[in-house]
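Report on the structure given below.
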Amino acid sequence: MMKRSQLLPVLVGGVFCVAVVSLYRMLELMQRAELKQSKVKPAGQVDEDLSRLQLKIDKLERLLNDNNRLVATLRDSLLLRKASWDKGGQGGGVNGSSNSVLSRAGTLPGCRLAEKMKDGKNGVQLLDVYDLLPFDNPDGGAWKQGFDISYLDNMWDDQPLEVFVVPHSHNDPGWLKTFDSYYEDQTKHILNNMLIKLSEDSRRKMIWAEISYFSKWWSGIDEQKRDAVRRLLGAGQLELVTGGWVMADEANSHYFALLDQLMEGHQWMQRHLGVRPSSGWAIDPFGHSPSMTYLLKGAGLQDMVIQRVHYAVKKHFAQQQTLEFLWRQSWDSSPRSDITCHMMPFYSYDVPHTCGPNPSVCCQFDFHRLPGRRVNCPWKISPQPITEQNIRERALLLLDQYRQKSRLFRSPVLLVPLGDDFRFMEASEWDVQFNNYQKLFDYFDQHPELHVKARFGTLSDYFLSLHKRLSTAGTTLPMVQGDFFTYADRDDHYWSGYFTSRPFYKRLDRTLEATLRATEILFSLTLAEMRRFRDAGHLVADFPARDHFQRLTAGRRNLGLFQHHDAITGTARDPVVVDYGNRLFRSILNLRQVLRSSAHWLLLLDKSQYNHDQSKPFMEMDDVMSAQDALPQKTTLTLSEEPRSLVVFNPTEQLCTSVISVVVDSPDANVVDAETGRPMTAQISAVWVEPSRVSTEAFQLDFVAELPPLSLVVYHVTKASVGSSHRVHYTVSRHGNPPTFKSEHFQVSHLKADAPLSLGNKHFQIWSSSETGLLQKLRLQSGPVRQVQVSFLWYGTSSAKDKSGAYLFLPGAEGAQLYSSSEPPLVRVSRGPVFSDITSCFKHFTHKVRVYHLEGHAGRSLEISNTVDIRSEVNRELVMRLVSDVTNGNRFYTDLNSFQMQQRRTLAKLPLQANFYPMSSAAFIQDSMSRLSLLSAQSQAVAALRPGELEVVLDRRLQQDDNRGLSQGVTDNKLTASLYQLLLEDRGGGAQEVGGASVEHLSLLAHLTSLSLCHPPITMVAHSNSQLPKLSPFRPLRSSLPCDVHLLNLRTLEDAQEAGSPSQEVALLLHRKGFDCSSAPPSSLQCTWSVHEEVNFDDLFAPLRFRSVRRSGLTLLREQDEPESAQQQQLRPMEISAFRVEMD
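Numbering that gives the first Met the number 0 applies: residue 0 is where the sequence shown begins, and numbers increase by one.
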């Protein structure tokens, strides 16, 4: 029998031969046919024939390209298969089960092997920088965190120093005051004065970043002032930088929300101002992510500025003259994603830390701090107004700082920001800053022997000059890969606390995000269906499309506002947090209106029966959100013999098997598919009012639903005969104090002392402690039993003067202490046909692990949920830790904004708090044989402090301020839920460990599990009414998208003519995920994955049809639209592709 290692080359050769022969034969037949026809056809048809032949040749060319790609894919698979076989064959160390994974993984098309990051001779890998740095923090003198800088006076004789002083005002959309309060008290005056003061002198410039504020101001000014703004923009005196709705946080935010707020800002700019940003400005986010740079580059930006980077990294970059660099994605070996980045070298973005290395000198050139004004210089040397008497001394003093700063860069072009928080509010501040600086600039101009040209500028001015000088000199910037977390601004003050602060709102943010995406998609599909239904392309008269579009717009903007770096971070004052919470809460409620209304129309068999009545909606959600700071509560459905209609929307692009949970008033219920009458597998569970008391009026009904992609499916629920439903069996225990309770509806037994506590399904089995209910072991199918232990711990805060707060994590020297309670937990085990779970009720949290008895990927992971309440505690942080037998050394991986995975290294030379990183949705540890992934529905801090461990911070309650300007602690804790999926996977082909910094990806299974976790089905309930019109399920797609292609959004764009109304154009955003090669997708996956980079939209979205397809930039600006293209489109792995489409 032929060995498998020999089979693949034969297959490749066979396919290649068949393809070549077939193509040659096809071309020969086409030529013969054309020759025959040319003999009998009149000459007038020659042109038509030639064009037809051209089309056939084009098609043949496409076939050849497809064939080339197929051969290339097979060749790559062969190389991978050979490498895997060779590795397995050397020394015979690969067992049978791993071999089967190897053979499957070896032929995976589209997957991405782990590889060492390619940095080249001119590259910087940030992980290597961290290994290199001693983090010893010596006193650097005037530049405390740096070093002394020297220069020779003649250094600029050949190339004069060119200085761009860039005025800016950093306006937080909420922090110490709410967004609206800041606007009324400060921002409005800043922008009003900007209009007057820039118009007074054409040499004056300014940049502005936050479109949320700019759009609010714009809506309140008259047309004359709007024209003046347009003139300033056209003249280059005013530049809008980044163009996002906010200056977004880059640690906690999901890439959907980061892109959405960018799109909202860019679309607003295009509509009202006719401009687009070219430079990014991120001076206050607490650390920086390459995911953001990818989005900026995809939106058309070429350059950017960052500020908050670890002081030791800044010093190293300054020493190496790499403060300006090309920032490249770790997974991209091409320069396609490169963006030019300028890192500000000093402590802060305020004036004392931007003109040069000596803050006591630079502060003297912040003329807002002149004696008698509101602010002064902490270094006790005040600024002086520039006069004829002191101008030479002042100019030379400032030039010395400029020259020193210039020595840290590779070009003689210097960026000097001039501003701070909410600066330029009063007209007098504009006057003292601009007038005094202009005198200094004029002095430099009058003294050419100084070899300096200084002027006010924008970021575009600066980068234009920089690129010109670099090009002329033939200087290239270094390439950098990696991210800039975790940030420290001084000493051991690491900003890892905000990765978790206010976790309730971090979870609410993701709820709004999922609701917004689902509503965008369903609304866009509804409008397309309506236009098709009406034939003439009009909408249904009674459908409130304009009102709904405005609700969508408000939802986008409130989600965008919350991405601000003092909002999702949990670093705002208590009243501001409540304001953010109310905005998120209102948007969720309003978007639910749009969702229900859209679903109503789509489901009606007879569309003429549609009637929009907001006071009596056709459907309600299955849960109620009563307030911005309360967890949602399920509504109890009243059942009878008359069927209640449940409508379930699957917001994902995949066919999924999901468990749908509703609360009913009967312990017996039947669920059937409304279309076919097929009964669904279901179980009835108790609703627990207290840990040991069940409700006698409410019962949880869970059933298994098969949901086609983007579908609305209708189910009927009826009251069933007594005892006919499958009720869950319960086992309860409490160590040393057995609980006593009764239930007339459920069988309850007591766990015998020391009896093993185990649950399982066809994919895996778990064992938990009978005393605590906490997980101890896990086994995959017939594999070995693995250690996977769950424990909970407390961190206290430092006993030193500086303590943990909203920003900082400064734990006590004792480290984490094991959680202990005076009373042992109540442990509750439930067993049913749909799922089984173990619930542990501790004083400060309720912890649950759940095993689903499902086919497909849904049954392969263990669900973990926590409900946490630490409101009784003082200066404590609660942590959930996983301890496994995975031998990962000091390496682990966390996601960046749910967009990509980043390798981390736990370093003993760093303090404990420095080894915590942000996790938006995933973290994993791995060795050559297995990978343990923790997938999360919310962002929080994660660490892997010892081999085999992963821990996440669940909540933090801190009584004091941490001296970063907030002036309060974090004591507004809520009852907070967190949700995870734990996935243990075998690794095989391509699982060799890569030395140095390596690029890794989630497995296909982990991607799908994360998708289901972050975008669960949405359940709606029709009112109980026998007169309910006939409903028909809505299935817009014939089949799932390839499971490595994610429908990021289907976002209806605003009408160009009618403001506030939906257009026929839709932004189609697709993200092709990179996935890991070493974990073969299980055979039970119900989807395919992409073999080629090109896909056909007609096939991908059938039976949906796109009348027009234009590839565009990621924020859909018209000038980035490419010409209308065919349905064949390229989707590269890891890349997001944006298209402007019209749906038929």
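Every residue gets a Cβ at the ideal spot worked out from N, C-alpha and C, and that includes glycine.
Alpha-carbon to alpha-carbon, Asn896 and Tyr887: The displayed chain sequence assigns Asn, not Tyr, to residue 887. Those two C-alpha atoms are separated by around 23 Å.
Phe443 versus Lys313 - alpha carbon distance: 30 Å
Beta-carbon contacts of His352 that lie in its chain and below 6 Å, excluding the five residues immediately before and after: Phe345, Tyr346 and Pro358
Sufficient close CB pairs (3 or more, under 8 Å) joining the segment 444-453 to the segment 223-235: no
Cβ distance (whole Å) where Asn121 is taken to contact Ala311 below 8 Å: With 8 Å as the limit, Asn121 and Ala311 do not qualify as a contact, their Cβ atoms being about 22 Å apart.
Coarse secondary structure for Thr695, derived from DSSP in three states: strand
Alpha-carbon spacing of Arg1131 relative to Ala799, whole angstroms: 51 Å
Alpha-carbon spacing of Gly722 relative to Gln764, whole angstroms: 30 Å
Beta bridge counterpart(s) of Arg956 as assigned by DSSP: Arg875
Touch test, the segment 623-637 against the segment 594-601, Cβ-Cβ under 8 Å, three pairs minimum: no
Cβ separation of Ile659 and Ala704, assumed to be a contact under 8 Å, to the nearest whole Å: 5 Å
C-alpha gap between Ala513 and Asp138, whole angstroms: 48 Å
Backbone secondary structure at Met205 - three-state DSSP: strand
Identity of the residue in Pro832, Leu983 and Gln363 nearest Leu398 by Cα: Gln363
Pick from Ser938, Val576, Ala668 and Gln400 that is closest to Cys354, judged by C-alpha positions: Gln400
Buried versus exposed, by CB contacts within 10 Å (16 or more), Asp1075: buried
Among Glu1118, Val374, Thr474 and Pro334, nearest to Arg409 - alpha-carbon criterion: Thr474
Three-state secondary structure (DSSP) of Gln53: Low per-residue confidence applies at Gln53: pLDDT is 47, beneath 50, and the placement is therefore not dependable, though the value from the model is reported in the following sentence. Of the three classes helix, strand and coil, the one that applies to Gln53 here is helix, per DSSP.
With 16 other Cβ atoms within 10 Å as the buried cut-off, status of Phe607: Sequence inspection shows Ser at residue 607; the Phe mentioned does not correspond to that position. Classification for Ser607: exposed.
Cβ-Cβ distance between Ser1145 and Leu604 below 8 Å: Since the first and last residues shown for the chain are 0 and 1143, residue 1145 lies out of range.
Integer-rounded CB distance, given that Ala681 should sit under 8 Å from Val828: Actually they are not in contact, since the Cβ atoms of Val828 and Ala681 sit about 20 Å apart, beyond 8 Å.
Three-way DSSP call (helix, strand, coil) for Asp605 in this model: coil
Euclidean distance between Cα positions of Thr186 and Met193: 10 Å
Start-end ranges of the beta strand (DSSP E) lying completely within the segment 721-759, minimum 3 residues: 728-733, 747-749 and 756-759
According to DSSP, residues forming a beta bridge with Ile683: Leu700 and Arg726
N- and C-terminal bounds of the beta strand (DSSP E) containing Pro917: Tyr916 to Met918
Residues that DSSP places opposite Asp1075 in a beta bridge: Arg111
Close-in-space but distant-in-sequence residues of the same chain around Phe134 (CB under 7 Å, 5 per side omitted): Ala311, Lys908 and Leu909
DSSP bridge partner residues for Thr1018 (one or two, in chain order): Val647
Three-state secondary structure assigned by DSSP to Trp216: helix
Whole-angstrom distance between Ile683 and His728, CA atom to CA atom: 10 Å
Three CB pairs or more closer than 8 Å across the segment 314-323 and the segment 139-158: yes
Inter-residue spacing [alpha-carbon to alpha-carbon] between Leu1007 and His856: 7 Å
Met900 vs Leu1001 beta-carbon contact at 8 Å: yes
Three-way DSSP call (helix, strand, coil) for Phe440 in this model: helix
Range covered by the alpha helix (DSSP H) that runs through Gln400: Ile390 to Ser405
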